[in-house]
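A.B. asks: Heads up: the first sequence is residues 1 to 195, going by full-length UniProt numbering.
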Amino acid sequence: MDKKPCKSQDVEVRKGPWTMEEDLILMNYIANHGEGVWNSLARSAGLKRTGKSCRLRWLNYLRPDVRRGNITPEEQLLIMELHAKWGNRWSKIAKHLPGRTDNEIKNYWRTRIQKHIKQAENFTGQTADHQHHHHNNDQASTSQLSSCGPADHAVESYSPPSFNPNMEAFQGPFPTESNDNFWSMEDLWSMQLLN
DNA sequence: AACGGCAGCAACCGCCTTTCG
DNA sequence: ACGAAAGGCGGTTGCTGCCGT
Numbered sequence: 001m002d003k004k005p006c007k008s009q010d011v012e013v014r015k016g017p018w019t020m021e022e023d024l025i026l027m028n029y030i031a032n033h034g035e036g037v038w039n040s041l042a043r044s045a046g047l048k049r050t051g052k053s054c055r056l057r058w059l060n061y062l063r064p065d066v067r068r069g070n071i072t073p074e075e076q077l078l079i080m081e082l083h084a085k086w087g088n089r090w091s092k093i094a095k096h097l098p099g100r101t102d103n104e105i106k107n108y109w110r111t112r113i114q115k116h117i118k119q120a121e122n123f124t125g126q127t128a129d130h131q132h133h134h135h136n137n138d139q140a141s142t143s144q145l146s147s148c149g150p151a152d153h154a155v156e157s158y159s160p161p162s163f164n165p166n167m168e169a170f171q172g173p174f175p176t177e178s179n180d181n182f183w184s185m186e187d188l189w190s191m192q193l194l195n
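#1: Mind reading off the beta-carbon distance from Leu-78 to Leu-97? Whole number of angstroms is fine, and I expect it under 8 Å.
#2: Relative to the alpha-carbon of Gly-36, which residue among Trp-58, Gly-16, Met-20 has its alpha-carbon at the smallest distance?
#3: Is the separation between the beta-carbon of residue 203 and that of Trp-38 shorter than 8 Å?
#4: Under 7 Å Cβ to Cβ from Leu-47, same chain only, skipping five residues before and after it: list those, please.
#5: From Ala-42 to Arg-14, what distance separates their C-alpha atoms?
#6: Note down the Cα distance separating Val-66 from Thr-101, rounded to an integer number of angstroms.
#7: If we count the other Cβ atoms within 10 Å of its Cβ and call it buried at 16 or more, is Arg-110 buried or exposed?
#8: In the DSSP assignment, the alpha helix (DSSP H) including His-96 goes from what residue to what residue?
#9: Hey, would you say His-83 sits closer than 8 Å to Ile-93, going by beta carbons?
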């Protein structure tokens with residue numbers, strides 16, 4: 001049988017990607033009422049989302065001070081340093097990178113850095129014994145960094161609300177020639193290895 | 001020109017911690 | 001002092017677009 005909590009008004013909870021309309025509703029509501037108390041906020045705003053989903057969307061994407069786009073070499077270095085120090089404490093790391101979210105840093109680490117580490121291991125005669133720390137994660141040096149344009153696709157699909165008044169946060173992507181960001185990853189990795 | 005595989009990102013899930021009644 | 005609810009966090013998944021064959 002289908003057990004139904006039956007909240008009388010059983011809200012069909014929406015999941016998946018947020019639509020522009022939902023974003024608008026959420027932003028507008030928060031602009032007028034402030035953030036927090038997410039469950040009731042979701043209900044009051046008329047969003048068929050869970051409080052968690054609203055919170056996540058706001059914190060990671062809609063908040064005016066969220067900074068999206070290319071991770072700078074400085075930021076990368078900081079991420080690596082802090083990760084070496086704290087491991088996967090993403091939110092803790094994020095606190096030291098203004099405008100960056102834990103989710104973004106986590107994704108960045110996994111998609112970019114961790115991969116390089118793996119390859120580097122295979123390259124430097126990895127074996128299983130990292131004489132360094134092997135409690136947390138493993139860091140090593142890098143190798144292939146050619147294909148990684150820092151800018152890549154930056155923002156795709158529907159970019160954050162362009163009507164956002166505080167749009168200072170949203171820097172236009174435009175990789176274009178900005179890829180003088182050919183970050184000397186070798187240097188960064190080297191520094192990392194010195195730890 | 002079409003297909004398959006890969007990479008990157010947004011969002012979800014479940015667990016743990018904190019706060020409130 | 002205890003229990004319930006909400007918030008916060010990290011891991012994981014699914015989708016989309018890009019690149020190579």
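From the three backbone atoms N, C-alpha and C, an ideal C-beta is built for every residue, glycine too.
C.D. replies: According to the data block:
#1: 6 Å
#2: Distances from the CA of Gly-36 to each of Trp-58, Gly-16, Met-20 were compared; the closest alpha carbon is that of Trp-58.
#3: No answer is possible for residue 203: the residues shown for the chain start at 1 and end at 195.
#4: Cβ within range, chain order: Glu-22, Ile-25, Leu-26, Cys-54.
#5: Straight-line Cα distance between these residues: approximately 11 Å.
#6: 7 Å
#7: exposed
#8: Element bounds for His-96: n/a, residue is neither H nor E.
#9: A contact, by the Cβ cut-off of 8 Å.
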